[in-house]
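Taking UniProt numbering, the leading residue of the sequence shown gets 1, the next gets one more, and so forth.
Think of the CB as a built atom: it goes at the ideal place given N, C-alpha and C, for glycine as much as any other residue.
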Amino acid sequence: MPDNDNVGERQTNGLAHNREQSLELHFSQVNYHLKTATKGFTQILNEACGTFKSGRLTAILGPSGAGKTTLLNALAGFKITGVSGRFLLNGRPRDLMAFRKMSAYIAQDFVMLNLLTVEETLWVSVDLKTPSAKSAQEKQKIIDDIIDILQLQSCRQTLVGKISGGEQKRLSIGIELATNPPIMFFDEPTSGLDCVSSYQVICHLQRLCHDGRIVVCVVHQPGSRLMQLFDDVLVLAHGEVLYAGEQRTMLATFEGSGFTCPQYYNPADFVLDVCSESSTTQRCESLISQNKLTHCPSGTNIQKLNVGEEAALIEMPQQAAWPDLAQVRVKEQVGFYFQLRVLLRRHLRSMSRDMIAVQLRLIMHVVVALLLGVVYWQIGSDAAKIVSNVSCLLFIILFVFIGNAMPSILLCQQDSAVFIREYYNGWYSLRAYYISKVLADLPLQLTCPTMFISISYFMTGQPPEFERFAMCWAVCVMTGFIGHFVGVISGTLFSMQMSIFLVPSGTIPFLLFSGFFIRLNELSWFLRPICDFSFFRYIFEGLLRAIYGYGRGDLDCHANFCYYRTADQFLRDFGMAGDEFGWDMAVLGIFVALLLFFFYVTVNFCVRRALR
Numbered sequence: 001m002p003d004n005d006n007v008g009e010r011q012t013n014g015l016a017h018n019r020e021q022s023l024e025l026h027f028s029q030v031n032y033h034l035k036t037a038t039k040g041f042t043q044i045l046n047e048a049c050g051t052f053k054s055g056r057l058t059a060i061l062g063p064s065g066a067g068k069t070t071l072l073n074a075l076a077g078f079k080i081t082g083v084s085g086r087f088l089l090n091g092r093p094r095d096l097m098a099f100r101k102m103s104a105y106i107a108q109d110f111v112m113l114n115l116l117t118v119e120e121t122l123w124v125s126v127d128l129k130t131p132s133a134k135s136a137q138e139k140q141k142i143i144d145d146i147i148d149i150l151q152l153q154s155c156r157q158t159l160v161g162k163i164s165g166g167e168q169k170r171l172s173i174g175i176e177l178a179t180n181p182p183i184m185f186f187d188e189p190t191s192g193l194d195c196v197s198s199y200q201v202i203c204h205l206q207r208l209c210h211d212g213r214i215v216v217c218v219v220h221q222p223g224s225r226l227m228q229l230f231d232d233v234l235v236l237a238h239g240e241v242l243y244a245g246e247q248r249t250m251l252a253t254f255e256g257s258g259f260t261c262p263q264y265y266n267p268a269d270f271v272l273d274v275c276s277e278s279s280t281t282q283r284c285e286s287l288i289s290q291n292k293l294t295h296c297p298s299g300t301n302i303q304k305l306n307v308g309e310e311a312a313l314i315e316m317p318q319q320a321a322w323p324d325l326a327q328v329r330v331k332e333q334v335g336f337y338f339q340l341r342v343l344l345r346r347h348l349r350s351m352s353r354d355m356i357a358v359q360l361r362l363i364m365h366v367v368v369a370l371l372l373g374v375v376y377w378q379i380g381s382d383a384a385k386i387v388s389n390v391s392c393l394l395f396i397i398l399f400v401f402i403g404n405a406m407p408s409i410l411l412c413q414q415d416s417a418v419f420i421r422e423y424y425n426g427w428y429s430l431r432a433y434y435i436s437k438v439l440a441d442l443p444l445q446l447t448c449p450t451m452f453i454s455i456s457y458f459m460t461g462q463p464p465e466f467e468r469f470a471m472c473w474a475v476c477v478m479t480g481f482i483g484h485f486v487g488v489i490s491g492t493l494f495s496m497q498m499s500i501f502l503v504p505s506g507t508i509p510f511l512l513f514s515g516f517f518i519r520l521n522e523l524s525w526f527l528r529p530i531c532d533f534s535f536f537r538y539i540f541e542g543l544l545r546a547i548y549g550y551g552r553g554d555l556d557c558h559a560n561f562c563y564y565r566t567a568d569q570f571l572r573d574f575g576m577a578g579d580e581f582g583w584d585m586a587v588l589g590i591f592v593a594l595l596l597f598f599f600y601v602t603v604n605f606c607v608r609r610a611l612r
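Encoded structure:
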């Protein structure tokens, strides 16, 4: 652990708080009701009471299902629907938005982008969480101090996905230290770590706490060595607080209610045993009552609330369909265009390092295009092989669509979780994220179809005319766009397994109405309207008109008999006569615009769903 001189140096660097500026967060009568489909409202928290003080590291203990994470979410302001209670900061009613700005919440599943280095991850945090007026040298100084405090020098240039679990936990702390928050909440910071790494993480939290912060963390089952690092303990059981106070008096308090800890027994394990035994529920009533007398007094220690002080007494409507984002979301610290620039740089950097979703995707388009060219070598101008050429065109449609839809699911899975966390912490606006995501994906959506059609078009012997090639390229690009947005919408809304199932099963059936497997005029009357809503129909129609329309005339026949001697006859038989390529592109443009709109709605839906 660093000595006092190092601590003093950090204070001069601006990453430590003045010990004299003490903070006290008091909460009482905190209740949380969860609405379920079968049981109606279920009470998770029942009049929880306690006090957190700056300079004291606090652990929240309790068995699984006791309500530890729920209490932490309510205290941090990340859960408001169904929550009621009194929240006081230094004896004054807590203003939720001001409190969110001065506090940090590090969830158990703190997701980060694996394809950024440790330093790059901290740079994004500092860029978006500190005023843009700060110079690059000042920001670099903040990053250097964070890396020194959390001892991340050895992995500074290592990708996040390749660092150890303990280093990831410390990095998650560093991300929030960019704004030097005086209040920090941690949900199981030692989860998944060995005893040594857990001890190192808690030691770092202890240093942060002793610099004058309120540090509260949920700990699942700490060892006796780890338990000694905590100054205060809050014990939860069945949504009620059994004890909230100093760690050194915890066992004496439990013993006063008839629970004696055996000698040489881990105090944390003893407390969890008491909380878990159903037979001790009645005996715990004295502990609950004693804690309420200590932290929920009716005397002068709690300031009397006025009618207008709504921030202290929060009572959200239980039937609220969607929480108001303005009540929980912090305002951005930097301007829109600066947000857009930082997000674009991050998206492009991550994509350039993604081997599966980007690099192999580019290679796949080249390899499959070469294979397609070999299989359908120079058949595009032969009238005797016109059916095979149409099959080639259908394969192009299928590959471009699936080849862009499925990898896009991978691109947004991890990104979605990171976005929700950063958005609620006020790093950037929804509009900035949406535009940066669309623009960052644009180069890949243009490159893949361009490489594929450039190789396959000329190898398969399609008409060597620039206008026709340009029309085929335009159709392939629109197909790639549609496939990509179908993938990102599905990947944002659903899990990866569900998305991989839904994208093919939900879109491929529309191929039946493309005009290839059955001519449009041969469909039953009640199925005919489905063709108008199948984007595969306009893609297929646009490709056929690009290849065989616009006065192509007679086709070369290299056999004794060719049924289709003219391109016009072939298009008439398929029911796609007429030079209406512009109409097909216009309809595809409408599909892309609708998908862009649905993608925005999906992102907005996900950020609201995260609060429920």
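contact_flag[the segment 41–55, the segment 204–221] where n(CB pairs < 8 Å) is 3 or more: yes
Looking only at its own chain, which residues have a Cβ that is under 6 Å from the Cβ of C531, when we skip the five neighbours before and after it? F513, L520, R537
Could you give the residue range of the alpha helix (DSSP H) that holds L272? 267–276
Out of V592, L171, Q247, which one is the CA nearest neighbour of G480? V592
By how many angstroms is the C-alpha of L236 removed from the C-alpha of R609? 27 Å
Under 8 Å between C-beta atoms of A66 and G239: yes
Selected residue, minimal CA-CA separation from G506, among G483, D441, G515, C476: G483
Considering only the beta carbon of each residue, do L128 and I175 sit closer than 8 Å? no
Hey, how far is the Cα of Q413 from the Cα of S172? 19 Å
Buried or exposed: where does D187 fall if 16 or more other Cβ atoms within 10 Å of its Cβ makes it buried? buried
How big is the Cα-Cα spacing for F395 and K437? 29 Å
Can you tell me whether F186 is helix, strand or coil according to DSSP? strand
Taking all protein chains shown into account, do 16 or more other C-beta atoms lie within 10 angstroms of the C-beta of M478, making it buried, or fewer, making it exposed? buried
Between L177, E467, P93, I500, which lies nearest to D148 when the distance is taken from Cα to Cα? L177
According to DSSP, which residues form a beta bridge with P93? L88
Whether or not the segment 112–121 and the segment 188–200 are in contact is what I'm after, with contact meaning three or more pairs of Cβ atoms, one per stretch, closer than 8 Å; do they touch? no
Along the chain, where does the beta strand (DSSP E) containing T58 start, and where does it finish? 57–61
Mind checking who S436 pairs with in its DSSP beta bridge? In the DSSP output, where bridge partners are listed per residue, S436 has none listed.
Out of curiosity, what's the CA-to-CA distance linking R170 and R346? 21 Å
Considering only their Cβ atoms, is the gap separating S381 from L571 smaller than 8 Å? no
Within the chosen definition, does the segment 376–393 reach the segment 448–468 through at least 3 CB pairs nearer than 8 Å? yes
Below 8 Å between beta carbons: does that hold for V342 and V475? no
With a Cβ-Cβ cutoff of 8 Å, do G161 and G192 count as a contact? no
Could you check what DSSP says for L362 in three-state terms: helix, strand or coil? helix
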